[in-house]
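Residue 245 in our numbering sits at position 229 of the sequence shown; the count goes up by one each step and never skips.
Note sheet for the following structure.
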Amino acid sequence: MLRKKTNGVARRPQRTSILSDVAEKSVDRRAFLRGSGLAIGGLAAISATGGTVTQASAASAASAAVETIKSVCTHCSVGCTVVAEVQNGVWVGQEPGWDSPFNLGAHCAKGASVREHAHGERRLKYPMKKEGGEWKRISWEQAINEIGDGMMNIREESGPDSVYWLGSAKHSNEQAYLFRKFAAYWGTNNVDHQARICHSTTVAGVANTWGYGAMTNSYNDIHNSKAIFIIGGNPAEAHPVSLLHVLKAKEQNNAPLIVCDPRFTRTAAHADEYVRFRPGTDVALVWGILYHIFENGWEDKEFIRTRVWGMDQIREEVAKWNPEEVERVTGAPGSQLRRVARTMVNNRPGTVIWCMGGTQHTNGNNNTRAYCILQLALGNMGTSGGGTNIFRGHDNVQGATDLGVLSHTLPGYYGLSKGAWDHWARVWEEDPEWLAGQFDKITGADGKDKSLQNLKGIPVSRWIDGVLEDEGNMDQPNKVRAMVLWGHAPNSQTRGPEMKTAMEKLDMLVVIDPYPTVSAVLHDRTDGVYLLPAATQFETRGSVTASNRSFQWRDKVVDPLFESKTDHEIIGLFAKKFGWSDRFFRNIEMEDDVTPNVESVTREFNRGLWTIGYTGQSPERLKMHMANQHTFDRTTLQAIGGPADGDYYGLPWPCWGTAEMNHPGTPNLYDMSKPLSEGGLTFRARFGVERDGDNLLAEGVYSKNSEIQDGYPEFTMQMLMDLGWDSDLTDDERAAIDAVAGPKTNWKTDLSGGIQRVAIKHECAPFGNAKARAVVWTFPDPVPLHREPLYTPRRDLVADYPTYEDRQDYRLPTLYASIQKNDFSKEYPIVLTSGRLVEYEGGGEESRSNPWLAELQQDMFVEINPRDANNIGLRDGAQVWVEGPEGGKVKVMAMVTERVGEGVAFMPFHFGGHFQGQDLRDKYPDGADPYVLGESSNTAQTYGYDSVTQMQETKTTLCKISAA
């Protein structure tokens with residue numbers, strides 16, 4: 017099946033029993049397709065059938081018409097429509113969605129081969145457990161009973177926090193919502209998903225600047241940009257279809273494309289200006305650009321006066337970053353950054369785009385806030401063609417984040433306070449005392465008991481420390497003893513050797529996934545590992561949120577294959593096992609005793625997610641949008657006539673009020689040129705009304721047609737009464753408001769939606785009209801500062817730009833200065849960074865199990881600059897060791913290239929199945945090993961976590977490279 021090589025590629029026979037049967041006789045074309053679809057798919061089936069395919073008869077063709085079903089690609093966050101061709105229940109072909117305003121008939125390599133994700137032969141086919149070192153097939157009933165009994169024993173002995181529930185950015189919105197609710201009913205905040213290690217610093221930094229932590233505009237709105245500034249992102253490979261929209265602006269508007277990256281990427285190849293800079297110096301680079309803007313008075317003074325707080329403090333910090341100091345720290349010439357500044361100033365509105373190159377740092381929250389401040393200074397916010405267009409990673413990482421699959425919040429970013437729990441208890445019609453009783457308690461420093469219900473859980477980036485850390489150093493009673501990896505690639509996390517140790521120390525390891533993942537093979541366990549086959553998102557239905565905040569509805573393409581089950585059914589099975597299924601699903605319609613109705617789940621989160629406007633997107637509206645994609649404008653995303661007339665595609669949140677209000681969605685956040693009822697918005701009044709005597713509300717500016725023509729705080733019932741607008745409420749709305757907190761009820765906790773409806777009737781934003789804040793006084797660095805990485809190659813800069821002091825957060829001690837004080841740079845002189853490839857995605861298990869993608873990229877590699885390679889004595893294509901300062905090392909192929917600068921090496925992070933030179937293929941269940949295996953870059957990646965979110969630092973550490 018793969019043509020290039022044999023080393024590292026599956027050698028097992030590819031013929032299956034189905035194909036063995038059909039090879040014995042002549043078959044018609046449709047029987048062939050059915051067989052190949054169920055077994056291995058594609059051209060690989062030809063050899064298995066011996067070339068004995070005959071023409072199908074007209075009668076068989078008439079009885080098996082091809083049905084087309086719309087779904088959404090399960091890879092990145094662009095949200096490309098996939099049109100599946102299904103015949104006799106078999107997915108036989110696919111086309112890109114030509115009507116989709118997102119992909120416009122295009123697919124990348126991954127999207128074009130996504131059928132194989134569902135029909136792939138390397139999937140888990142039935143539940144298994146490891147017993148005596150061998151994989152053994154078991155029934156679902158046995159699996160749920162054994163796992164459930166084991167978990168309840170652990171809970172009884174060590175408390176609910178000793179079981180960690182790790183969710184997924186691959187779940188639909190409905191499944192993600194149920195997953196977070198499930199963790200709440202189990203009684204733990206030890207729940208998280210991939211967003212923690214990809215864009216948690218974005219969400220925290222952006223939300224704390226102007227209110228919401230999401231992409232402000234859209235891929236399509238880039239068509240209106242007059243300049244495009246990309247930093248720490250490589251969309252040409254990570255989000256290939258997004259480049260359609262970037263290049264449209266470049267060609268249509270003659271928009272200059274500026275790419276800032278330590279590596280000359282495929283995206284940089286399209287740039288008008290490429291800025292190479294040292295990994296981990298983003299803040300210094302952005303301040304170097306702002307230095308020229310402020311020095312020349314190029315900032316938008318009126319925008320800053322009316323809509324920004326704290327810019328004077330930013331000026332003071334930026335003044336320190338003259339061109340000489342910026343070049344000393346970043347390596348980027350001052351003359352080039354002056355040219356970049358002038359380009360951005362002369363081509364407004366411009367957009368700023370970033371990805372994980374900016375987020376995965378110990379000061380990642382500083383980076384993301386610096387990017388925001390650059391846009392605020394230029395006046396590029398709240399305008400079409402401007403904004404911060406944050407390209408999220410997985411297909412539903414935005415939705416899973418919004419729905420609270422996080423250790424520090426409930427769905428909708430409500431947090432973990434008593435008020436937040438009371439709100440969701442009302443939505444669930446649950447007894448809040450019963451919910452509180454599910455959680456454990458700890459004794460605080462003051463000697464008083466504190467409920468873990470209100471304390472942040474352990475983030476996924478640190479789960480291994482939840483297993484390995486001394487209990488005396490943890491803010492929970494006991495260590496993590498059971499780990500559930502539900503749609504997660506462990507090789508996407510740093511500190512691989514310690515993860516192996518942690519997996520081996522667990523009482524129980526449970527993997528729920530369409531594929532076995534590296535979790536099945538990294539460790540040397542002989543018992544206590546379970547693999548449960550989850551269905552793919554093509555085998556179910558539900559909504560998914562693209563990076564631009566638009567919802568799309570996936571229809572089911574095929575029934576679950578093999579013995580796989582949908583994630584929401586598996587949740588139902590565990591809820592039943594744990595004895596609270598009836599409470600959990602009390603307001604949700606059921607397909608059977610364990611399977612919730614998907615649309616009913618959507619309606620339940622519609623009833624509770626008022627903070628971010630996940631309330632107006634009913635299943636009916638979403639399905640109507642999918643059926644009428646052709647009616648939406650390709651740039652504005654607004655429907656022109658048709659049943660969705662006036663709506664924005666996918667009802668991008670916030671879609672205020674109930675579905676009956678028919679709000680069109682909000683295409684560009686904070687755009688005051690439109691009325692609220694037509695998609696306009698202000699900055700959110702999230703941080704109070706004044707600070708140190710300074711006004712935090714907008715100064716004399718407001719959204720179009722607003723009846724309050726100035727800044728104003730967030731809406732409460734009391735505010736409606738003070739304005740005399742409470743008379744606009746219906747009797748039912750007033751009763752619902754009184755049932756919560758009467759006059760103290762606010763726009764976030766009013767389950768009727770009445771406060772939102774009345775505010776928008778008067779064209780006011782329910783969350784107020786405030787200034788964005790350039791200074792976040794609640795963060796470790798209120799003004800974003802450059803801090804040297806923990807493993808820095810520049811010891812001469814540590815005294816000037818030190819990291820943080822060690823601290824306790826998220827229940828665990830977190831090390832900073834105690835690591836940075838050690839000089840590793842002499843023995844490990846090369847900076848190591850990581851990133852994506854166009855062929856693979858995430859941890860790579862599903863894409864490396866796809867024969868069409870596996871053929872494109874068969875080797876794990878490290879990019880090395882020619883000077884470094886020559887100094888070490890390495891040739892292109894040679895096998896080398898890459899070793900990190902914590903001892904983890906990987907054996908990979910050398911790619912000698914000028915893509916990376918001197919002293920910098922790059923590795924992709926999609927590989928797994930090798931560990932420190934050892935091939936782990938024989939550890940996979942028979943027939944479930946990916947075609948391509950390789951070392952995980954994160955085996956060599958080191959300790960380091962963001963000061964606010966515990967984001968892992970994968971974009972700058974140190975390494976040494978030697979011949980293998």
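Quick reminder that beta carbons are idealized off the backbone N, C-alpha and C, glycines included.
Quantities reported herein were computed from a predicted structural model and do not represent experimental measurements.
Q) From which residue to which residue does the alpha helix (DSSP H) around residue 923 run? A) Counting along the chain, no alpha helix (DSSP H) covers residue 923; the unbroken beta strand (DSSP E) around it starts and ends at 920–924.
Q. Do residue 896 and residue 977 have their C-beta atoms closer together than 8 Å?
A. With respect to residue 977, residue 896 sits close: the two C-beta atoms are nearer than 8 Å.
Q) Taking just the CA atoms, how far does residue 620 sit from residue 452? A) Straight through space, the alpha carbons of residue 620 and residue 452 are spaced by roughly 21 Å.
Q: Mind reading off the beta-carbon distance from residue 713 to residue 567? Whole number of angstroms is fine, and I expect it under 8 Å.
A: So it is not a contact: roughly 31 Å between Cβ atoms.
Q: Just list the alpha helix (DSSP H) runs in the region 604–660, keeping only unbroken ones of 4 residues or longer that don't cross its boundaries, in chain order.
A: The qualifying runs are 614–622, 635–643.
Q) Who are residue 865's beta bridge partners in DSSP? A) Partner residues in a beta bridge of residue 865, as assigned by DSSP, do not exist.
**Q.** Same chain only: Cβ atoms within 7 Å of residue 242, ignoring 5 sequence neighbours per side
**A.** Counting only Cβ-Cβ distances below 7 Å, and skipping sequence neighbours, we find 269, 271, 363, 364, 365, 366, 401.
**Q.** Rounded C-alpha distance that separates residue 657 from residue 644
**A.** Going from the Cα of residue 657 to the Cα of residue 644 covers about 10 Å.
Q) Are three or more beta carbon pairs between the region 659–678 and the region 559–578 nearer than 8 Å? A) Two segments are said to touch when three or more pairs of C-beta atoms, one from each, lie closer than 8 Å; by this definition the region 659–678 touches the region 559–578.
Q. Nearest-angstrom Cα distance between residue 302 and residue 352?
A. Between residue 302 and residue 352, the C-alpha separation is close to 12 Å.
Q: Measure the C-alpha to C-alpha separation of residue 616 and residue 623 and round it to an integer number of angstroms.
A: Rounded to the nearest whole angstrom, the CA to CA distance from residue 616 to residue 623 is 11 Å.
(Q) Among the candidates 464, 731, 177, 692, whose CA atom is the shortest distance from the CA of residue 683? (A) Of the candidates 464, 731, 177, 692, the one whose C-alpha sits nearest the C-alpha of residue 683 is 692.
Q: Check residue 986 in the structure and name its three-state DSSP category.
A: Absent from the model: residue 986. The displayed extent of the chain is 17 to 980, so no value can be given.
Q: Rounded to whole angstroms, what's the CA-CA distance from residue 651 to residue 876? Just pull it up for me.
A: About 39 Å.
Q. With a Cβ-Cβ cutoff of 8 Å, do residue 421 and residue 195 count as a contact?
A. Between residue 421 and residue 195, the C-beta gap is smaller than 8 Å, which places the two residues in contact.
Q: Give every residue of the same chain whose Cβ lies closer than 6 Å to the Cβ of residue 719, excluding the five residues on either side of it in the sequence, and list them in chain order.
A: Excluding residues up to 5 positions away in sequence, 688, 692, 696, 698 lie with their Cβ nearer than 6 Å to the Cβ of residue 719 in the same chain.
**Q.** Distance between residue 917 and residue 11 (C-alpha atoms, nearest Å)
**A.** With the chain covering 17 to 980 only, the question about residue 11 has no answer from this structure.
Q. So who's on the other strand from residue 425, going by DSSP bridges?
A. Beta bridge pairing from DSSP links residue 425 with 422.
Q. Where does residue 835 fall in DSSP's three states?
A. Three-state DSSP puts residue 835 in a helix.
Q: In the DSSP assignment, find the unbroken alpha helix (DSSP H) run with residue 519 in it and report its ends.
A: Residue 519 -> alpha helix (DSSP H) spans 512–521.
Q: Assuming residue 368 contacts residue 392 (C-beta within less than 8 Å), just tell me the rounded distance between them.
A: Contact doesn't hold; Cβ gap of about 11 Å is too wide.
Q) With DSSP run on the structure shown, which of helix, strand or coil describes residue 897? A) Reduced to three states, the DSSP call for residue 897 is strand.
Q.
For residue 457, report the span of its beta strand (DSSP E) as first-last.
A. Where residue 457 is concerned, the enclosing beta strand (DSSP E) stretches over 457–459.
Q) Of all the options 800, 464, 240, 880, which has the alpha carbon lying nearest to the alpha carbon of residue 278? A) Nearest of 800, 464, 240, 880 to residue 278, Cα basis: 880.
Q | Host beta strand (DSSP E) of residue 930 (start-end) | A | Element bounds for residue 930: 929–931.
Q. What are the boundary residues of the beta strand (DSSP E) that includes residue 101?
A. Run containing residue 101: 97–103, per the beta strand (DSSP E) assignment.
(Q) So if DSSP puts residue 569 in a beta bridge, which residue, or which two residues, is it bridged to? (A) In the DSSP output, where bridge partners are listed per residue, residue 569 has 559.
Q | Chain-order list of residues whose beta-carbon lies under 6 Å from that of residue 965 (same chain, five-residue window excluded) | A | These residues qualify, in order along the chain: 216, 217, 220.
Q) Can you tell me whether DSSP reads residue 388 as helix, strand or coil? A) Residue state for residue 388 is assigned as helix, using DSSP reduced to three classes.
(Q) Tell me the rounded alpha-carbon separation between residue 87 and residue 246. (A) Distance between the alpha carbons of residue 87 and residue 246 is about 30 Å.
Q.
Measuring straight from C-alpha to C-alpha, what distance separates residue 663 and residue 878?
A. In this structure, the alpha-carbon of residue 663 lies about 47 Å from that of residue 878.
(Q) Going by DSSP, what residue range makes up the alpha helix (DSSP H) through residue 3? (A) Residue 3 lies beyond the residue range present for the chain, which begins at 17 and ends at 980; the question has no answer from this structure.
**Q.** DSSP state of residue 122 mapped onto helix, strand, coil
**A.** Coil at residue 122, not helix or strand.
Q: Could you tell me which residues DSSP puts in a beta bridge with residue 87?
A: The beta-bridge partner set that DSSP reports for residue 87 consists of 98.
Q.
So, with DSSP's three-state summary, where would you put residue 127?
A. Residue 127 falls in the helix class under three-state DSSP.
Q: Give the straight-line distance between the Cα atoms of residue 254 and residue 853, rounded to the nearest whole angstrom.
A: Approximately 7 Å, taken between the alpha carbons.
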